[in-house]
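Undergrad: Taken in sequence, the protein lines are chains R and Z. If you use UniProt numbering, the first sequence corresponds to residues 1 to 222, in order. If you use UniProt numbering, the second sequence corresponds to residues 1 to 222, in order. Can you keep this structure in mind? I'll have questions shortly.
Protein chains: 2
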Amino acid sequence: MTIPIYQKIMELIRDEIRNQAPNTPILSERELEKKYNASRMTVRKAIDLLVEEGVLYRVQNIGTFVADSKLHKKTDSHALNSFDLECDYKIIYFDVKDENREVAQKLEISTHDQFVRIVRLNLQNGQPESLDQIYIVRLMIDDSVMNNILNILEFSAKIETGSVNQVFVPMIVPVKFANLLNVKINTPIICVQSKINTKNGRIYAYIESYLNPEAKSIEITI
Amino acid sequence: MTIPIYQKIMELIRDEIRNQAPNTPILSERELEKKYNASRMTVRKAIDLLVEEGVLYRVQNIGTFVADSKLHKKTDSHALNSFDLECDYKIIYFDVKDENREVAQKLEISTHDQFVRIVRLNLQNGQPESLDQIYIVRLMIDDSVMNNILNILEFSAKIETGSVNQVFVPMIVPVKFANLLNVKINTPIICVQSKINTKNGRIYAYIESYLNPEAKSIEITI
DNA sequence: AAGTGGTCTAGACCACAGC
DNA sequence: CTGTGGTCTAGACCACTTA
């Protein structure tokens with residue numbers, strides 16, 4: 001349980017700039033090197049990561065500066081956190097199926113391979129925020145967790161994802177979901193189609209998230 | 001004209017793995033160090049960047065592997081490339097205005113400050129792909145380019161952005177844009193609202209992009 | 001001339017996998 | 001035990017800006 005020095009320095013810098021105005025310089029790399037008694041490469045690594053986060057920005061030959069907090073880079077795209085267990089949700093439906101050409105194609109499996117389907121309503125302060133249709137490749141789920149749907153979700157949350165691919169599709173809310181989402185018929189909504197890939201390039205899950213535009217907006221800062 | 005060594009190594013690695021199957025290992029860092037006659041830190045920097053791009057992935061204590069090309073991380077979110085001059089487009093409208101509360105609020109300027117408004121239709125193979133309403137803070141545009149709208153766009157393309165904030169809004173296509181976008185009345189579409197920030201946290205431009213769902217889908221791989 | 005960030009080197013030690 | 005990626009050091013030179 002040894003935290004790398006560069007991570008400690010990241011936290012120290014965060015502390016230092018917490019009350020510092022945007023666009024004011026932080027100490028130079030050579031000053032921080034002495035202050036934290038670390039090598040310059042280690043200090044740079046800490047700064048590099050904070051720059052990537054959008055917390056700091058560099059100007060060549062001049063210095064490193066505190067960024068405006070509204071520039072912090074975050075991706076609050078809905079389905080990325082689909083397996084987030086912190087949220088309130090209600091399971092609407094759950095089964096194991098096969099022989100569905102469309103789903104098999106999305107999951108890149110044969111039509112004869114099984115998949116798990118979970119329909120889940122996500123709540124925020126009791127209000128329906130989105131409805132997920134989750135399809136998971138049966139073969140990629142450990143047998144030991146198949147007995148319980150909560151175990152499957154917990155298992156899924158731990159999957160090391162290689163990347164997530166999302167397509168945003170505009171549509172009129174499907175009639176069968178309008179009531180559940182507490183949205184009027186004919187409301188335009190966004191459906192996020194996500195493919196969760198493992199590191200070796202196989203698809204673990206395919207998710208369709210129907211978002212209630214009143215409760216959930218997709219926002220990205222890059 | 002001196003390209004850093006780590007960038008050269010990135011290209012060399014790209015070449016090496018071009019015909020290599022996904023999930024097969026590349027040479028170890030110490031082997032690459034000798035092969036390219038560079039220090040390990042330099043080799044690591046090259047690999048680090050390729051991992052960030054999603055071209056490679058590491059497994060601790062084991063090795064570094066070629067990623068599936070579908071895992072390459074890209075953000076093809078429309079308005080990010082709004083000032084991309086490579087695309088075909090047609091200027092629909094252009095003026096300089098002020099006294100618009102709503103726009104002033106988005107641009108975080110006083111209602112008395114001027115802004116430039118450009119309405120632009122983006123084409124792909126002659127088909128309308130999206131319609132942008134671009135609002136730029138007048139004060140942030142160099143006087144020397146104000147004489148020509150193309151100069152303004154070129155100037156904008158060169159702005160060093162700190163970050164881009166995007167909100168995705170589902171809606172029915174505005175009637176006034178339906179014809180231009182070659183989309184039927186009542187079609188559900190996505191409008192991307194983008195704020196282009198400079199490094200010092202000021203807003204340079206605000207863009208509303210109305211996307212033709214037939215011609216343009218928003219896709220992100222993270 | 002002094003100071004900055006950007007790049008680079010040639011070592012080093014660590015924890016962990018697999019044999 | 002060997003090899004891997006992860007971390008770290010104490011220097012160095014460069015191009016550039018500002019004074």
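Virtual Cβ for every residue (Gly too), placed ideally from N, Cα, C.
Less than 8 Å between C-beta atoms, sequence neighbours within five positions excluded: which residues of the same chain meet that for Gly162/Z?
TA: Once the five neighbours on either side are set aside, the close Cβ partners of Gly162/Z are Asn197, Thr198, Lys199, Asn200 and Gly201.
Undergrad: Can you list the residues of chain Z that Met171/R reaches, using a CB-CB cut of under 7 Å?
TA: Those are Pro188, listed as they occur along chain Z.
Undergrad: Do Asn212/Z and Asn186/Z have their C-beta atoms within less than 9 Å of each other?
TA: Contact: no.
Undergrad: Would you report the Cα separation of Asp143/R and Ile149/R, rounded to the nearest angstrom?
TA: In a straight line, the C-alpha of Asp143/R is about 12 Å away from that of Ile149/R.
Undergrad: Mind listing, in chain order, the continuous beta strand (DSSP E) runs of no fewer than 3 residues lying wholly within the region 68-148 of chain R?
TA: Entirely contained in the region 68-148 of chain R, the beta strand (DSSP E) runs reaching 3 residues are, in chain order, 88-97, 115-124 and 127-137.
Undergrad: Using a Cβ-Cβ cut-off of less than 9 Å, list which residues of the region 143-167 of chain Z approach chain R; keep chain order.
TA: Correct list: Gly162, Ser163, Val164, Asn165, Gln166 and Val167.
Undergrad: Is the CB of Lys176/R under 9 Å away from at least one CB in chain Z?
TA: False, the Cβ-Cβ gap to chain Z never drops below 9 Å.
Undergrad: Would you give the residue range spanned by the beta strand (DSSP E) that Ile189/R belongs to?
TA: Its beta strand (DSSP E) spans residues Pro188 to Thr198.
Undergrad: How would you write the range of the alpha helix (DSSP H) that Glu11/R sits in, first residue to last?
TA: Ile5 to Ile17 is the span of the alpha helix (DSSP H), which, as asked, contains Glu11/R.
Undergrad: For Leu56/R, which of helix, strand or coil comes out of DSSP?
TA: It is a strand residue.
Undergrad: If you follow the alpha helix (DSSP H) that Asn179/R is part of, which residue opens it and which one closes it?
TA: Here the alpha helix (DSSP H) through Asn179/R covers Val175 to Leu181.
Undergrad: So if DSSP puts Ala205/R in a beta bridge, which residue, or which two residues, is it bridged to?
TA: Ala205/R is bridged to Ile136/R and Ile196/R.
Undergrad: If I measure Cβ to Cβ from Asn23/R and keep anything under 7 Å in the same chain, skipping five residues before and after, which residues do I get?
TA: These residues qualify, in order along the chain: Phe65 and Val66.
Undergrad: Does the pairing of the region 98-108 of chain R with the region 202-221 of chain R give three or more beta-carbon distances under 8 Å?
TA: Counting Cβ pairs under 8 Å, three or more are found: they touch.
Undergrad: Can you name the residues of chain R whose CB is closer than 7 Å to the CB of Ser39/Z?
TA: Under the 7 Å cutoff, chain R gives no residues; its nearest Cβ is about 11 Å from Ser39/Z.
Undergrad: Is the beta carbon of Ile136/Z closer than 9 Å to that of Val116/Z?
TA: Contact flag set, yes.
Undergrad: Rounding to the nearest angstrom, what Cα-Cα distance links Gln20/R and Pro128/R in this structure?
TA: Their Cα atoms are separated by approximately 39 Å.
Undergrad: Would you grab the beta carbon distance between Glu132/R and Ile207/R for me? Rounded to a whole angstrom, and I think it's under 8 Å.
TA: Going by the sequence as given, residue 132/R is Asp instead of Glu. Going by Cβ atoms, the distance from Asp132/R to Ile207/R rounds to 6 Å, so yes, they are a contact pair.
Undergrad: Could you pull the start and end residues of the beta strand (DSSP E) that Glu160/R belongs to?
TA: Per DSSP, Glu160/R belongs to no beta strand (DSSP E) and is neither H nor E.
Undergrad: Counting only Cβ-Cβ distances shorter than 7 Å, please list the residues of the region 193-219 of chain Z near chain R, keeping chain order.
TA: For the region 193-219 of chain Z, which is checked against every Cβ of chain R, the residues closer than 7 Å are Asn197, Lys199, Asn200, Gly201, Pro213, Ser217, Ile218 and Glu219.
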